Amino acid sequence: MARTLLVCIAIVLFVAPTVFARLHPEGVGHHKSGGHHKSGGHHKKRGGSASGSTSSTAVTPPSVTPPSDTPPSVTPPSVTPPSDSPKTVTPKPGCGPSNLGYKASVDLADGLIFHWTVSGSNLDAAIEAQPSSGADQGYLSVGFPSKDGAMAPSDAVVGINGQPVTAYELSSYSAFSPSKLAISSPIVDNSSGSLVVKFSRPAEGGVKSLDLQGSNGIIWAFSPTPSFGPHTGQGSKSVDMSCGL
-2 MARTLLVCIA IVLFVAPTVF ARLHPEGVGH HKSGGHHKSG GHHKKRGGSA
48 SGSTSSTAVT PPSVTPPSDT PPSVTPPSVT PPSDSPKTVT PKPGCGPSNL
98 GYKASVDLAD GLIFHWTVSG SNLDAAIEAQ PSSGADQGYL SVGFPSKDGA
148 MAPSDAVVGI NGQPVTAYEL SSYSAFSPSK LAISSPIVDN SSGSLVVKFS
198 RPAEGGVKSL DLQGSNGIIW AFSPTPSFGP HTGQGSKSVD MSCGL
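Take a look at the structure:
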């Protein structure tokens, strides 16, 4: 009897929930959806987040660099210092440099050179006969004529190898006398292998005064024989004395 009672109770406990569910289906769905309402709290949280998005957006001010106390760097202009090297002087056309220390020179003939420097109112000059001229052991003369290209009248400075320098006044092709022109510093030098006759003369005086700032005619003569007499070479040339300034 007791066993039969236990079996009946077990059947009731097993069958009763199934029957109740079939008789009240809406009750079961209500309770399930009721459990779903727990997510309502989630909606509230999201709602709170949505309401938070209505707050104003923060504006970041532009960055401003404060002024610097350091002065701006200034690069000074490049300045080229003056050179201590002497300037190269280009001689005027027709004039060249002098290898004897004068300011200018000009070729008269092969191996025959006239050198000069203008020193105030004086003309410091030299005539040089190099070995190629054939007169390096003979005599040299340079003259300052009253008329360009003419031999006479003129003042001539003559230098003979081994003898002193002499100045003559030529009145004709065959007549000459001591010149009234005062010359100074006369030298005959052949130590360098060339015959060099050096002298200084004033611009004023003599047969004709010199223009030290312009062109002047000169005449020249030479001989391989160391004595004053007939010459084997001669010529004339216009020289710009201003090259020697």
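Each residue of the sequence shown is one higher than the last, beginning at -2 in the numbering used here.
Cβ coordinates follow ideal geometry from the N, Cα and C atoms, glycine included.
Predicted model only: the values in this text are computed from it and were never measured.
Cβ separation of residue i and residue j, assumed to be a contact under 8 Å, to the nearest whole Å
i    : j    : result
G215 : G140 : Per the sequence presented here, residue 215 reads as Ile, with Gly not at that position. Yes, they are in contact, since the Cβ atoms of I215 and G140 sit about 7 Å apart, within 8 Å.
R198 : I184 : With a Cβ gap of about 13 Å, R198 and I184 do not count as contacting.
W113 : D107 : Between D107 and W113 the Cβ distance is about 20 Å, and since that is not below 8 Å, they are no contact.
G232 : W217 : 6 Å
G211 : S239 : 6 Å
A164 : S176 : 4 Å
V194 : V162 : 6 Å
S138 : A153 : 5 Å
A200 : L192 : Wrong, their Cβ atoms sit about 26 Å apart, outside the cutoff.
K234 : L105 : 6 Å
Residue i: first and last residue of the uninterrupted beta strand (DSSP E) it sits in
i    : result
A218 : 212 to 220
I184 : 181 to 186
V155 : 151 to 157
P142 : 136 to 142
Among the options, the one whose alpha carbon lies nearest that of residue i
i    : options                : result
N187 : L97, L120, D133        : D133
G135 : S224, M238, S235, S239 : S224
E125 : N96, N119, P150        : N96
M148 : F173, S129, P161, G156 : F173
S116 : T229, F196, G230, S220 : F196
S143 : L209, Q160, P227, L167 : L167
S169 : P150, L109, S220       : P150
N245 : N158, V103, P128       : Look at the range of the chain in this structure, -2 to 242, and you will see that residue 245 is not part of it.
P128 : S189, K205, P94, K100  : S189
P221 : S171, L209, N158       : N158
Simplified DSSP state of residue i, which is helix, strand or coil
i    : result
H27  : The predicted position of H27 is uncertain, since its pLDDT is 44 and thus under 50; no value can be drawn from it.
S239 : helix
P227 : coil
K177 : coil
V193 : strand
K234 : strand
Y170 : coil
T72  : coil
T57  : coil
A132 : coil
A147 : coil
Per DSSP, cross-strand counterpart(s) of residue i
i    : result
L109 : A106, A126
L120 : V115, R198
G93  : S102
Below-7 Å beta-carbon distance, residue i vs any chain C residue
i    : result
L192 : The structure shown contains no chain C; it is built from a single protein chain.
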